[in-house]
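Notes to accompany the following structure.
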Amino acid sequence: MRLALSPVLLEVRHLVSKKKAKEYEERVDQAVMVLGQVSEDTTTPRNIRRAAKESLETLQTGELTPAVRASNAISRLDDILQDPNMPPYTRVKLWNVMSLLEAIKD
């Protein structure tokens, strides 16, 4: 048996979900900014720039939920982080992006 929620509780739940959605949007915006920098950095190997650009595009598609988009981007970045040719400063940037995205949940 399912209990009905009071209107006040429903409103609080709605406000919390709006707040989380805004927070997730801010995290995605920060990640997109950093991925854009990495994808345009000519001192970074081409395959790494390509992976950053693909992750950026994944985050910007509106078809999936924010958590699924974040998870897909994390997966792509995780694959490329093992590349021995990656400059250390780029690796740190991508770790920071992954940290931002890991907090996004459905």
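Residues in the sequence shown are numbered from 393 upward in steps of one, following my numbering. Positions of the beta carbon are idealized from the N, C-alpha and C atoms, including for glycine.
Counting only the same chain and skipping the five closest in sequence on each side, list residues whose C-beta sits under 7 Å from that of residue i.
i           : result
residue 426 : 485, 488 and 489
residue 428 : 448
residue 423 : 451, 489, 492 and 493
Buried or exposed for residue i, please, with buried defined as at least 16 other CB atoms from any protein chain shown within 10 angstroms of its CB.
i           : result
residue 495 : exposed
residue 413 : exposed
residue 482 : buried
Residues in its own chain within less than 8 Å of residue i by CB, not counting five upstream and five downstream?
i           : result
residue 470 : 490
Could you tell me how far apart the beta carbons of residue i and residue j are, in whole angstroms, since I believe they sit closer than 8 Å?
i           : j           : result
residue 476 : residue 436 : In fact, because the Cβ distance is near 14 Å, the residues do not count as touching under 8 Å.
Report all residues from its chain with a CB closer than 6 Å to the CB of residue i; omit the five preceding and five following residues, and keep chain order.
i           : result
residue 464 : 450
Along the chain, which unbroken stretches of the alpha helix (DSSP H) at least 4 residues long are found entirely within the region 409-464? 438-452
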